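**Student:** In this text, residue positions in the sequence shown follow the numbering used here: the first is 57, and each later residue adds one.
Right, I'll just put the structure down here and ask away after.
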Amino acid sequence: MITGRMLRDAFISGANNISNQRQAVDALNVFPVPDGDTGTNMSMSASAARRELKRIPDDATVSRVADVCASALLRGARGNSGVILSLLFRGFSRGLKNETEADAEHIVRALEKGVESAYKAVMKPTEGTILTVARVAAMRAREELHADTTTEEIWDVILEAGREALAETPELLPVLKKAGVVDAGGQGLIVVFEGMAEVFHGRPGVEPGEEKPADSDSIHPDRNAAGEYVGEITHTYCTEFLVKKTENSIDPQDLREFLESIGDCVVVVDDDDIIKCHVHTDHPGQALEKAGTNGAQLTSLKFENMREQYEAQKASIVEPESDAGFKYAAVDPSREYGFVAVAAGEGVQKLFEDLGVDNIVSGGQTMNPSTDDILSAVHATPAKTVFVLPNNKNIIMAAEQATKLADRRVVVLQTRTIPQGLSAMLAFDPDADATANQLAMQKAFERVGTGQVTFAARDSDFDGHKIKEGELLALENGRLAFTEKDLTRAVVRLAKALTHRDSSFVTLLYGEEIEDGLAESVREAVADKLPDDVEVALIKGGQPVYYFIISVE
């Protein structure tokens, strides 16, 4: 049997293990742009739980330990990998509820519930990732569970099945196979499980700072692979919402038929008071308009751009623990809307402030804020509805977790870049309702083209590009477009690629390492190569990582 003390020490050991091995897990990412690495994000998320677990007394029940771990992990979750890790361990909280000690059946049930939570939370679950590793481990444990199976034996089954599933991830994701590596998130989960196994087997747990390298047959530190695979997608937006039923609300069958006419993967669940809807479509606005026929109220709106779901990586420096420093503010009944944005750079942050953002969370590339950081900013915004602009793809899931913890309504817009966030703010209408604003702001940021010029954090062979550390990288709407050695040529070439016949404005935000004189000469070079009717503006953004951010509208 596993006692509360054992489970506490096992969780702490697992957190120490991922912290010790974070760089090896980080090395599994291929995209050379500095960003939130899988190992670093999982390590920082687990560290948040470790701090809380150390306060738990030896006589605590397994239910109490699991509750504390799940709550701390959720609040400390950073990046997509950290959020998924928190969801998996939320299952332990549910599976061990009201239990004093845990046997093998409890452990299997807890892992199954964690897998269920994680799969439900991901819009388009991708096999060959951390999700697959957890699912296969839980399934095998259930198959091999017997009345006399001990907790040590069942954890060995979980570990063995997880390792086997991890080894198979390259067969499920071509991007992993091409790079010759396994999935980073899956490897991170195994590292956590290995740390827990030490305690379950009666051995001293892993201590902080112990260099316990991961299995060299699984990890290749000299190779990199993208953590998220983007496969063939028929429709762009995963759209979910609830319809509050009234006498005049749309018939669920009629709504189902309409959704099937504009998309696929349609789910319409008719309950007593609501109609729960899910559809993959290129026209989320049409889906909402149809569902809102006869003035029906919509709630719990959720959108996900499925074509842009991929993981990236960051330099292997762990940021200090965040202290957001926001002061709680109760909701002001007279104030309808408030705004929270994630941004880095004095000039960029000033732009958001000028557009009406109440609170700014410092973060972005190489600085993924936690769910608790974002939640603190939300709770410091005294409005009935708070719009959150993550402005980075690897921060969206952490922001969405904050919606479940907030004491006011939170709407997370799926902004993945600074230009998208600025465009969304410009589209806000204080006289419109929240749903209309959400749709208008989404449409606005989807029309913006974003270019980013940065440096290669490491040597890499990615998407047909042989990249050397320190080379300039040009990203077009998040995708690597080309490499360059000359900064001016890179910015001009990228701006031209983003500009189309209907473009009217190009804005260049220059970073903290760019001198004013150089920035102006780059602006002149860009203006010289674009049509005369395209206005080119220059703003000192002061952002880290990116030498230039280009916005094209």
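Just so it is clear, CB atoms sit at the ideal spot from N, CA and C, and this is done for glycine as well.
Owing to the predicted nature of the structure, the values given are computational and were not obtained by experimental measurement.
1. Three-state secondary structure (DSSP) at Arg464?
2. For a test of the three-state rule: what should DSSP assign to Asn361, helix, strand or coil?
3. Taking C-alpha atoms, which residue in Phe314, His336 and Glu360 lies nearest to Glu345?
4. Give a yes or no on whether the C-beta atoms belonging to Phe145 and Ala126 are separated by under 8 Å.
5. Could you check how far apart the C-beta atoms of Gln508 and Tyr602 are, in whole angstroms? I think they sit under 8 Å.
6. In three-state terms, what does DSSP make of Gly403?
7. Return helix, strand or coil for Ile474, following the three-state DSSP convention.
8. Spatial neighbours of Glu208 within its chain, please: CB distance less than 7 Å, with the 5 preceding and 5 following residues excluded, ordered by chain position.
9. Measure how close the beta-carbons of Ala128 and Leu167 come, nearest whole angstrom, since I'm counting them as under 8 Å.
10. For the candidate residues Gln476, Glu525 and Ala513, whose alpha-carbon lies nearest to that of Ser607?
11. Taking the alpha helix (DSSP H) that Val124 belongs to, which residues open and close that run?
12. Would Ala553 and Ala537 be called neighbours here (beta carbons separated by less than 8 Å)?
13. Can you give me the Cβ contacts of Ala116 inside the same chain, cut-off strictly under 6 Å, excluding the 5 residues immediately before and after it?
14. For Ile74 and Asn136, I'd like the C-alpha separation in whole angstroms.
15. Once DSSP output is grouped into helix, strand and coil, what is the label at Ser378?
16. At what residues does the beta strand (DSSP E) containing Ala530 begin and finish?
17. I'd like to know if the stretch 473 to 490 and the stretch 439 to 446 are in contact, where contact means that at least 3 CB-CB pairs between them fall below 8 Å.
18. Find the nearest neighbour of Ile246 within the set Arg78, Leu354 and Lys449, judged by alpha-carbon distance.
19. Taking buried to mean at least 16 other C-beta atoms within 10 Å of its own C-beta, is Asp243 buried or exposed?
20. State yes or no: is the C-beta of Ser142 within less than 8 Å of the C-beta of Leu130?
21. Following the continuous alpha helix (DSSP H) through Phe314, name the residue where it begins and the one where it ends.
22. Give me the Cα-Cα distance between Val81 and Val468, rounded to the nearest whole angstrom.
23. Would you kindly work out how many angstroms separate the C-alpha atoms of Leu528 and Glu571, rounded to a whole number?
24. Can you tell which of Arg464, Arg579, Gln405 and Lys406 has the C-alpha that lies nearest to the C-alpha of Leu594?
25. For Asp414 and Asp123, I'd like the C-alpha separation in whole angstroms.
26. Which one or two residues does DSSP pair with His336 in a beta bridge?
27. Going by DSSP, what residue range makes up the beta strand (DSSP E) through Arg535?
28. Count the other C-beta atoms from every protein chain shown that fall within 10 angstroms of the C-beta of Ser356, then say buried if there are 16 or more, exposed otherwise.
29. With the cut-off set at 8 Å, would you say Val238 and Ala223 are in Cβ contact?
30. Taking the alpha-carbon of Gly625 as reference, which of Pro600, Arg514, Trp211 and Gly534 has the nearest alpha-carbon?
31. Using the beta-carbon count (16 or more within 10 Å), is Arg106 buried or exposed?
32. Pop quiz: Phe408 and Ala400 are said to be a contact at Cβ under 8 Å. What is the actual Cβ separation, rounded to whole angstroms?
33. What runs of the alpha helix (DSSP H), each 4 residues or longer, lie entirely inside the stretch 432 to 460?
34. Helix or strand or just coil, what does DSSP make of Met423?
35. Please look up how many angstroms separate the CB atoms of His339 and Ile318, rounded, as I've assumed it's under 8 Å.
36. Considering only residues of the same chain and omitting the five flanking positions on each side of Val192, which have a CB-CB separation below 6 Å?
**Tutor:** For this structure:
1. Reading the sequence shown from its first residue, position 408 is the one you call residue 464. The answer is coil: DSSP assigns Arg464 none of H, G, I, E or B.
2. One-based indexing of the sequence shown puts residue 361 at position 305. Here Asn361 sits in strand by DSSP.
3. The count along the sequence shown starts at 1 and reaches residue 345 at position 289. Out of Phe314, His336 and Glu360, Phe314 has the C-alpha closest to the C-alpha of Glu345.
4. Stepping through the sequence shown from its first residue, residue 145 is reached at position 89. Stepping through the sequence shown from its first residue, residue 126 is reached at position 70. Yes.
5. Position 452 of the sequence shown, counted from the first residue, corresponds to residue 508. Position 546 of the sequence shown, counted from the first residue, corresponds to residue 602. Confirmed, about 5 Å.
6. Walking along the sequence shown from the start, residue 403 turns up at place 347. Correct three-state label for Gly403: helix.
7. Here residue 474 is taken as the residue at index 418 of the sequence shown, counted from 1. Correct three-state label for Ile474: helix.
8. Taking the first residue of the sequence shown as 1, we reach residue 208 at position 152. Counting only Cβ-Cβ distances below 7 Å, and skipping sequence neighbours, we find Phe256 and His257.
9. Residue numbering aside, residue 128 sits at position 72 when the sequence shown is read from its first letter. Residue numbering aside, residue 167 sits at position 111 when the sequence shown is read from its first letter. Going by Cβ atoms, the distance from Ala128 to Leu167 rounds to 19 Å, so no, they are not a contact pair.
10. Indexing the sequence shown from 1 puts residue 607 at position 551. Answer by Cα proximity: Gln476.
11. The residue you call residue 124 lines up with position 68 of the sequence shown. Run containing Val124: Val118 to Gly132, per the alpha helix (DSSP H) assignment.
12. In the sequence shown, counting from the first residue as 1, residue 553 sits at position 497. In the sequence shown, counting from the first residue as 1, residue 537 sits at position 481. Yes.
13. Taking the first residue of the sequence shown as position 1, residue 116 is located at position 60. Gly60, listed in sequence order.
14. Residue 74 sits at position 18 when you count from the first residue of the sequence shown. Residue 136 sits at position 80 when you count from the first residue of the sequence shown. Looking at the two C-alpha atoms, the distance is approximately 16 Å.
15. On the sequence shown, residue 378 is found 322 positions in, with the first residue counted as 1. With a pLDDT of only 36 at Ser378, under the threshold of 50, the placement of this residue in the model should not be trusted, and no figure is reported.
16. Walking along the sequence shown from the start, residue 530 turns up at place 474. First-last of the beta strand (DSSP E) with Ala530: Leu528 to Glu532.
17. yes
18. Looking up residue 246 in the sequence shown gives position 190. Ranking the options by Cα distance to Ile246, first place goes to Arg78.
19. As a position in the sequence shown, residue 243 is number 187, starting the count at 1. A small fix is needed here, since residue 243 is Gln in this sequence, not Asp. Result: buried.
20. As a first step, residue 142 is located in the sequence shown; it is residue number 86 there, counting from the start. As a first step, residue 130 is located in the sequence shown; it is residue number 74 there, counting from the start. Yes, they are a contact pair.
21. Position 258 of the sequence shown, counted from the start, is the residue given in the question as residue 314. Residues Pro308 to Ile318.
22. By one-based count along the sequence shown, residue 81 stands at place 25. By one-based count along the sequence shown, residue 468 stands at place 412. Roughly 29 Å separates the two Cα atoms.
23. Working through the sequence shown from its first residue, we reach residue 528 at position 472. Working through the sequence shown from its first residue, we reach residue 571 at position 515. Using only the alpha carbons, I get a separation of about 17 Å.
24. As a first step, residue 594 is located in the sequence shown; it is residue number 538 there, counting from the start. When only C-alpha atoms are compared, the closest one is Arg579.
25. Here the question's residue 414 lines up with position 358 in the sequence shown. Here the question's residue 123 lines up with position 67 in the sequence shown. Answer to the nearest angstrom: the Cα atoms are 33 Å apart.
26. Position 280 of the sequence shown, counting from 1, holds the residue named residue 336. According to DSSP, which records beta bridges pairwise, His336 is partnered with Cys294 and Asp320.
27. One-based indexing of the sequence shown puts residue 535 at position 479. Per DSSP, Arg535 belongs to the beta strand (DSSP E) from Arg535 to Glu540.
28. Within the sequence shown, numbered from 1, the residue matching residue 356 stands at position 300. By the 10 Å Cβ count, Ser356 comes out exposed.
29. Counting from 1 along the sequence shown, the entry for residue 238 is found at position 182. Counting from 1 along the sequence shown, the entry for residue 223 is found at position 167. Yes, these two residues count as a Cβ contact at 8 Å.
30. Here the chain comprises residues numbered 57 to 609, so residue 625 is not present and cannot be evaluated.
31. The count along the sequence shown starts at 1 and reaches residue 106 at position 50. Classification of Arg106: buried, given that the 10 Å Cβ count is 16 or more.
32. Position 352 of the sequence shown, counted from the start, is the residue given in the question as residue 408. Position 344 of the sequence shown, counted from the start, is the residue given in the question as residue 400. 11 Å between Cβ atoms; not a contact.
33. 452 to 458
34. Taking the sequence shown and counting its residues from 1, the one referred to as residue 423 is at position 367. Here Met423 sits in strand by DSSP.
35. The count along the sequence shown starts at 1 and reaches residue 339 at position 283. The count along the sequence shown starts at 1 and reaches residue 318 at position 262. Going by Cβ atoms, the distance from His339 to Ile318 rounds to 5 Å, so yes, they are a contact pair.
36. If you number the sequence shown from 1, residue 192 lands on position 136. For Val192, where only same-chain residues beyond five positions count, the Cβ hits under 6 Å are Ala217 and Ala221.
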